[in-house]
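So for the sequence shown, this note's numbering puts the first residue at 2; every next one is plus one.
Every residue gets a Cβ at the ideal spot worked out from N, C-alpha and C, and that includes glycine.
Worksheet: one structure, shown below.
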Amino acid sequence: MATLFPTAKSDPELYPYRSGLFFGFFNAPVWQIAIGTPMVLFAERLGATSFQVGLAYSFVFLQTPMLILSTALIPKFGFKKVAMGGWAARSLFLILPLVLALIAPDVGSPWMVNAFIWSVFFFSFFRTIGASALTPWFYGFLPAKIRGRFFGNDQMLSGIGGVVTLVSCSMLFAFMPIYSALLVQYSITVIGSVLSYGALGRLPDINKPTTISLRSVLRDTPRHLFKRSVFRHYVWLAAWFSVAIVSIPPFSAYFLKVDANVTAGRIMMFEVLRYLGVITGAWLLRRRIDQTGSKPFFLLALVLYAMVAVLWLLFLNGLVGSSGALFGIYFVVGLGAVCWNLANMNYLPQIVPAEDRALCISIFAAVTSFLGGCSPIFWGLFLKGTNADGTPGIDAGMFQWFFICLLVSVTILSVLVSRLQEDIETEFEPIIIGNALLRPFRAATYLVNLIDLKGLARDDDAPPKSADD
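Structural data, given as structure tokens:
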């Protein structure tokens, strides 16, 4: 752990910036619980329908285009104020779930479900504002020679924090009444928010930047999206992929809880396997993509999701019924997501014009995330069902059509992706998005950035004089 949390003796170059590592570690439990599967299980316990669950899960994606507007705040207020303001405001909306967990109703009232969904909305809203400043801010104050080491440690610590959170949630659900478990979990999010906010406060600010004007964004976006180009072709393929796969985690958890009667603790253990799939894929594959190029990783991701669709269809028809099969399905979901994410981060810089890099990548992220975020809402309407006791459920027949559509989509996409043009001989500057590699379903939400990172790069490697400057 000494190398992960550097000391003045073990790593004097990285030591002045270790608050950024603490931020990633303490922030991991917050997003794992507040906008992950525990949130889905909380909504289900309150009596939310599949549509309401899909709506709550979609907020973080639907609000991605707002990152462009949020970026416009940074030249006025600076990186540190925008990031810390967003993180402070989002924390306030963790209080309502705590109150609802204390009330612990046997049958949730409609106002409770609506209030919970609104709390998720505003949590995501202010998280989006804060996130608009994080990556360029970190890139700006870190000396070039330690950035790789910092982001590597950041990914490792966030991964550890994420796994510990998921295992802890599983144990809490297994050994405590569900509302007591949720009360503890959301208490953890509040503590994590406070500690991550404090860690941000100890980091140095940097000069206010200039951004691309919103007028030029509105003027140039249609041209990049609709003028014939490799970029346009890839944007719409990636958007189709996002629409196909974003709905898998929330509705898998919801179905297992309300229709298959799987316990919340067991569902969280499935989530652990999904996260381990992400970590395993990132560790095994990220260094191989430089030799193979992106296309094999795209195709591997699509094959893995075809496997997911087939296995779920077998499970729903009673042909595969063991928990071991579900553990395997969840692991493959995580592995497939990180394969696509790795390929995307490697391929996207190859096809964007150098002079429009920031704008094109922001357009890509906004379009793919927003359309992907529409998918849970759409499917939530079609999957909506009622159990025999009158409680909300999922239409099992329609849920099979969900995976049939997934199988058809990835099959067609595999043909189209195999025709993508790729240059594996020329080196391209990678996209810097911190530990978003560990959040492949939401990775694109970190790409919106109208700030030129090269303009923020430090000319010297000297540490800041004061963490409070």
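{"Item": "Cβ neighbour criterion (16 or more within 10 Å) applied to S11", "Value": "exposed"}
{"Item": "Whole-angstrom distance between V231 and V409, CA atom to CA atom", "Value": "23 angstroms"}
{"Item": "Start-end ranges of the beta strand (DSSP E) lying completely within the region 241-274, minimum 3 residues", "Value": "none"}
{"Item": "Unbroken stretches of the beta strand (DSSP E), 3 residues or longer, contained in the region 324-398", "Value": "385-387, 393-395"}
{"Item": "Anticipated Cβ contact below 8 angstroms, Y187 with L95, distance rounded", "Value": "6 angstroms"}
{"Item": "Residues near F298 in its chain [Cβ-Cβ closer than 8 angstroms; skip 5 each side]", "Value": "L286, I290, C340, W341, L343, A344, N347"}
{"Item": "Close beta carbons around F52, own chain, < 6 angstroms, minus the five adjacent residues each side", "Value": "G381, L382, K385"}
{"Item": "C-alpha gap between T387 and N154, whole angstroms", "Value": "46 angstroms"}
{"Item": "Span separating the alpha-carbon of A9 from that of R150", "Value": "15 angstroms"}
{"Item": "Rounded separation between S295 and E423 - CA only", "Value": "8 angstroms"}
{"Item": "Element boundaries [alpha helix (DSSP H), containing L101]", "Value": "96-104"}
{"Item": "Burial state of K228, where buried means 16 or more other Cβ atoms lie within 10 Å", "Value": "exposed"}
{"Item": "Exposure label - P17; buried when at least 16 CB within 10 Å", "Value": "buried"}
{"Item": "CB of A102 within 8 angstroms of CB of L183, strictly", "Value": "yes"}
{"Item": "Identity of the residue in G398, V41, V279 nearest I161 by Cα", "Value": "V279"}
{"Item": "Classification of N115 by the beta-carbon crowding that lies within 10 angstroms, buried from 16 upward", "Value": "exposed"}
{"Item": "Reduced DSSP category for T50 - H, G, I as helix; E, B as strand; rest coil", "Value": "coil"}
{"Item": "Cut-off 8 angstroms between Cβ atoms - residues of its own chain near D470, not counting five sequence neighbours on either side", "Value": "Residue placement at D470 cannot be trusted, given a pLDDT of 37 that sits under 50; the coordinates are not used to answer."}
{"Item": "Nearest-angstrom Cα separation, counted from L15 out to R46", "Value": "44 angstroms"}
{"Item": "Beta-carbon proximity list for A90, same chain, < 7 angstroms, skipping 5 on both sides", "Value": "F127"}
{"Item": "Buried or exposed (CB count within 10 angstroms, at least 16 for buried), I496", "Value": "Not covered by the structure: residue 496. The range shown for the chain is 2 to 470."}
{"Item": "Own chain residues within Cβ distance below 6 angstroms of G163, not counting five before or after", "Value": "A29, Q33, Y276"}
{"Item": "Three-state secondary structure (DSSP) of R19", "Value": "helix"}
{"Item": "Inter-residue spacing [alpha-carbon to alpha-carbon] between F142 and A134", "Value": "12 angstroms"}
{"Item": "Residue interval of the alpha helix (DSSP H) (run including S181)", "Value": "179-202"}
{"Item": "Helix, strand or coil at F6 according to DSSP, with G and I counted as helix", "Value": "coil"}
{"Item": "Bounding residues of the alpha helix (DSSP H) (the contiguous stretch that carries F442)", "Value": "Segment: none, F442 is in no alpha helix (DSSP H) and carries neither H nor E."}
{"Item": "Residue range of the alpha helix (DSSP H) that includes N473", "Value": "With the chain covering 2 to 470 only, the question about residue 473 has no answer from this structure."}
{"Item": "Contact between the region 348-367 and the region 57-73 (3+ Cβ pairs under 8 angstroms)", "Value": "yes"}
{"Item": "Residue nearest to L158 in terms of C-alpha spacing, selected from I36, G391, G21", "Value": "G21"}
{"Item": "Nearest neighbour of D357, chosen from R224, G202, F123, C170 [CA to CA]", "Value": "R224"}
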